[in-house]
Structures are given as C-alpha cells and as structure tokens.
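To start, the structure under review is shown below, and the notes come after it.
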Amino acid sequence: MNRRKFLAGSAAAGAILSTAPRVQAAASDRPAILGGTPVRRNPFPSWPITDEQEEKAILSVLRSGKWNRGMGQVVNRFEESYSKLMGSHRCLATANGTSALLVTLNTMGIGPGDEVIVPPYTFVATINAILQVGALPVFVDSDGETFQIDARKIEAKITSRTVAIMPVHLGGNVADLDTIMAIAKKRNLPVIEDACQAHLAEWKGKKVGTYGKAGCFSFQASKNLNCGEGGAIITDDPEFTERSYAFHNNSRRRATAGYDFSYVAKGLNLRLTEFQAALLLTQMTRLGKQAGTREQNAQYLTQMLTEIPGIAPARMYPGCTRNAYHLYMFRYDPGHFAGLTRAKFMEAMAAEGVPVSGGYAPLNKEPFIVNTMESRGFKRVYSDRQRSQWAEQNQCPVNDKLCSEAVWLTQTQLLGPRSDMAEIATAMRKIRNSASEIAKGS
Ligand SMILES: *Cc1c(COP(=O)(O)O)cnc(C)c1O
1157 MNRRKFLAGS AAAGAILSTA PRVQAAASDR PAILGGTPVR RNPFPSWPIT
1207 DEQEEKAILS VLRSGKWNRG MGQVVNRFEE SYSKLMGSHR CLATANGTSA
1257 LLVTLNTMGI GPGDEVIVPP YTFVATINAI LQVGALPVFV DSDGETFQID
1307 ARKIEAKITS RTVAIMPVHL GGNVADLDTI MAIAKKRNLP VIEDACQAHL
1357 AEWKGKKVGT YGKAGCFSFQ ASKNLNCGEG GAIITDDPEF TERSYAFHNN
1407 SRRRATAGYD FSYVAKGLNL RLTEFQAALL LTQMTRLGKQ AGTREQNAQY
1457 LTQMLTEIPG IAPARMYPGC TRNAYHLYMF RYDPGHFAGL TRAKFMEAMA
1507 AEGVPVSGGY APLNKEPFIV NTMESRGFKR VYSDRQRSQW AEQNQCPVND
1557 KLCSEAVWLT QTQLLGPRSD MAEIATAMRK IRNSASEIAK GS
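Pasting the structure below:
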C-alpha cells in the first residue's frame, strides 16, 4: 500500500486511529515535485478570521443608517482605540494605506521639486504616493541582511532638495530607527514611517509609527489588521492631525456644529466608512493574540531554518524588540542547493504544500518611474540635468541581488500550530537533500 492510500485509509478510520501518531514526512523522503508524498496536504489557516462579533458590528452600522464618518461615531471610536494601542496622541483613519501616505505628504506640503528618501525594497504604493504629489523618490540601497533600507547610506543621498525620509518597516521587520532618527535630527528632516506592514512592531519597546512625525498604516485585506481597505496616520501632533483631517475631507475642517463650507487648502475625499471602522474594532480584539502566535511560530521557524545551509532568514537589528511578521522573509542561495534555481525551489516548495513567493522586483528600475519622470509635468519641474542625475544615481546593487534571492512566506502561514513550522522546515530539507536530482529534472 502506498502512502497516499494509507493516509486516505487512516482518515476514513479516523475514529479508531485518532490516537495513532501522525505520519510525518521525513527529510529523507522523495520530494513531491519528483512524485513523492507532499509534506503538507492541508491548507494553511485561511484569512480573514471572523465570527459573530464581526457580523454584529456590521449589522449594527447597517441598521443605524449612519454609514459615513460624518454621521456616525464608529470611525472616531476606532481612531481613539488605535492611537491608544499605538501609544500615539492622535490617529486619523483614511480610505487606505496609500492615502495615509498621500495625506501625510500633503500635510507636510511636499510637492513638485522636492525629494523624498525611500528604500527600493517596498510595495509600489510607497513610491506612488511620492510621485502623485510630484516629488522625486530618491532610492537608498537595501541592507541585504535585514531587507530594510540601509540607514548607513542615507546621508549620502540627502541634497538641498530633500524634504523627508520615508523608511518602510518591510515585512513587519523594523528599519534601523536609531540611525534614521539621528540623521533626521542632524539634518532637520521629518521622518514618515511607512508602517503599512508593521502593526504592533516595536523598536526598543515602543511601537513603530510613533518615532517619526507620522506613521502610516494599511488595513488592506492582506495586512495583519484588515477591513478590506483602510488606513491610518498616527502622530503626536494634534495640529498635524487637524490639517490632515481637512485634506482627507475635501479641504474641510472637522465640523464643530452643523455644516462648514470653509476650505483650508487643497484636499481630497479619503475618508474611512463606518462599516470599515466597525470591522477594524472587532478585528483589533484578535490582533494581539495573532501577533503573539506569528512571533512564536516565526522564532521557532528561524531556529530550524538557520540550521539549513543556503537558507538565511532576514536578520533583525538589535533595536527591533518586536517583529510584526507580515512576511516571513529569507534569502535562498542555490549554491547550497546543488545549483537549484530559486524558481525551481519555489515550485518544489509549492509541491510540498508550502506555497512561497519571490517577492518584489527591483522597484527603482521599474519603467513606470521613468515614464513618470518623462511626463510633461515632471519635465517642466525637473530639468534634463536633474533627471539624468537622478537616473545615474539610481543604483541599488545590494537590492538587485536581494530581489533575486528573496523568498517569502506570508503572515497567514504563521497563524497555525507549531507543527506547521516543522513541516515548512522539513519541506526545505527534503528539497535540499534531493536538490541535484530536482535540478536535473528541469
Ligand atoms: C500595503 C502597503 C501600502 C499601501 O496600503 P494600501 O492600503 O494597499 O493602499 C503602502 N506601503 C506598504 C509598504 C504596504 O505594504
């Protein structure tokens, strides 16, 4: 009887065999991509996780008839809870994480002619927000060990046109905030933390997003705190929040009584709805526990993966006291896997029942940025000389290499039992043991 049939049989006889030890694939087994038995048959935990709590909250907004923030109190309540959770003085909810960044840039008056320091290893929204206000993203190379902006390389990229530093806490890991804040202070530049992937992450025991002038969060469906689409800006400056409020409310201040049709400065409508806030408040009741599970699982996984030659989990700076693990990131070195390419390694992992991804391509090289630079508006603002200088200096060799080596697991894969982590590690060991055979077969 082959193993597949045996497993099917034991499932059917589950009642009888429930006390029998689970059949676990050993690292010596034949990889699934070569016809062996997959390490995992069950899917990883599904996302989002909800129950009657969410249903009640949504129904309550529905029945109230107060569906937007002007009418109801749920967005206000969410903002209070989130700033309390973060340890910030103020929070403004926005339509999504992209708009949290866009509002922040506008509130800071950042626009055409300005330069903003950013990492190239990030989600495209970080860059889109900068381009959208007409400013130039100036890329600082990555630290290949941590996957974060290499803070030691920031100062060399600061010019008289630099108006802000925008680190990203990528994957829920934390950028080197000590170095970044010291440079910001020395050069008198505001820091905007893109914490869209870093809910509850901490630097030296304090939440990320509270270090900069503003911290921006996303509650998009894939994020660790999710309401489909949503975002927030936290800050300690109430006046900054009021100006951000006006921008996100079509230039209109918070109404003290009745309607107010006086306008502060240019704006947009980027408000969160009461439905989304209701979801956030209920999802927040699970966030702490989920974060704890991810952290424990990730730490266990790291212990096992560091033992596998050719697998290098993303390091954390000593100041990172809590990683939010939106992604579990590691570098894959084919040199230790008999030359097996990353693409084939990922295929073999998927065959074992552990889907992984290769993550971002080098963002600084994406044609859409050059196309934007060559647009009519940008050409009017930035001289030929400035644009060619930007292109010349836009080199991030460490990041190029990182993008070719990176492999990601996602946060939902960290939400199951500890045994899931052991299976992930087993899948990698299996593949490594038969790497040359897999490589030949391709
Ligand atoms: C998700 C994300 C954003 C944008 O958030 P949305 O809610 O999708 O608009 C920005 N930056 C980073 C790093 C992100 O991961």
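Converting from the sequence shown to this note's numbering requires adding 1156 to each position, the first position being numbered 1. Using N, Cα and C, we set each Cβ at its ideal position, and we do this for glycine too. No experiment lies behind these values; they were computed from the predicted model shown.
Query: Identity of the residue in Val1296, Leu1424, Ile1594, Glu1271 nearest Leu1258 by Cα; Result: Leu1424
Query: Cβ-heavy atom distance, Asp1350 to ligand 1, below 6 Å; Result: yes
Query: Minimum length 3: unbroken beta strand (DSSP E) runs contained in the region 1314 to 1352; Result: 1318 to 1321, 1348 to 1350
Query: Presumed contact (8 Å Cβ cut-off) between Ala1256 and Ala1470, rounded CB distance; Result: Not quite, the Cβ-Cβ distance comes to about 24 Å (not below 8 Å), so this is no contact.
Query: Ala1281 beta carbon near ligand 1 (any heavy atom closer than 6 Å); Result: yes
Query: Inter-stretch contact at 8 Å, needing at least 3 Cβ pairs: the region 1376 to 1390 / the region 1303 to 1316; Result: no
Query: Where Ser1378 sits in the DSSP three-state scheme; Result: coil
Query: Contact test: Gln1122 Cβ vs ligand 1 heavy atom, cutoff 6 Å; Result: Outside the displayed range of the chain (1157 to 1598) lies residue 1122, so it cannot be described from this structure.
Query: Secondary structure of Asn1479, DSSP reduced to three states; Result: coil
Query: 6 Å Cβ shell around Met1529 - same chain, five flanking residues per side excluded; Result: Arg1543
Query: Opening and closing residue of the beta strand (DSSP E) in which Arg1246 lies; Result: 1246 to 1250
Query: Presumed contact (8 Å Cβ cut-off) between Asp1576 and Phe1200, rounded CB distance; Result: 7 Å
Query: Of the listed residues Gln1229, Glu1311, Lys1363, Arg1308, nearest to His1245 (C-alpha basis); Result: Lys1363
Query: Contact under 7 Å by Cβ, Leu1496 with Ile1594; Result: yes
Query: Neighbourhood of Lys1222 by C-beta, 7 Å cutoff - its chain only, sequence neighbours within 5 removed; Result: Gly1228, Glu1430
Query: Distance between Thr1193 and Arg1178 (C-alpha atoms, nearest Å); Result: Low confidence applies here, because Arg1178 scores a pLDDT of 47, under 50, leaving its location unreliable; read the following figure in that light. Their Cα atoms are separated by approximately 14 Å.
Query: Cut-off 7 Å between Cβ atoms - residues of its own chain near Pro1490, not counting five sequence neighbours on either side; Result: Leu1496, Thr1497, Arg1498
Query: Assumed close pair Glu1451, Asn1479 - CB separation to whole angstroms, cut-off 8 Å; Result: 7 Å
Query: Three or more C-beta pairs below 8 Å linking the region 1318 to 1327 and the region 1342 to 1351; Result: yes
Query: Simplified DSSP state of Phe1486, which is helix, strand or coil; Result: strand
Query: DSSP three-state assignment for Lys1535, whether helix, strand or coil; Result: helix
Query: heavy atom of ligand 1 below 6 Å from Val1324 C-beta; Result: yes
Query: Asn1252 Cβ short of 6 Å to ligand 1 heavy atom set; Result: yes
Query: Under the three-state DSSP convention, the category Gln1304 falls into; Result: strand
Query: DSSP beta-bridge partners of Pro1293; Result: Val1272
Query: Unbroken alpha helix (DSSP H) run spanning Trp1564, endpoints; Result: Looking at the DSSP string, Trp1564 is not in any alpha helix (DSSP H); the run it does join, the beta strand (DSSP E), is 1562 to 1566.
Query: Cα-Cα separation between Ala1578 and Met1460, rounded to whole angstroms; Result: 8 Å
Query: For Ala1468, the first and last residue of its enclosing beta strand (DSSP E); Result: 1467 to 1469
Query: Span separating the alpha-carbon of Gln1446 from that of Lys1240; Result: 19 Å
Query: Nearest-angstrom Cα separation, counted from Arg1197 out to Gly1165; Result: Note that Gly1165 scores a pLDDT of 36, beneath 50, so its modelled location is shaky and nothing firm can be said.
Query: Where Ala1370 sits in the DSSP three-state scheme; Result: strand
Query: Per-residue burial, Lys1341 [other beta carbons within 10 Å of its own, 16 or more giving buried]; Result: exposed
Query: Cα-Cα separation, Arg1343 to Val1274; Result: 16 Å
Query: Residues near Val1280 by beta carbon distance below 7 Å, same chain, minus five either side; Result: Leu1519
Query: Cβ-heavy atom distance, Ser1374 to ligand 1, below 6 Å; Result: yes
Query: Classification of Gly1371 by the beta-carbon crowding that lies within 10 angstroms, buried from 16 upward; Result: buried
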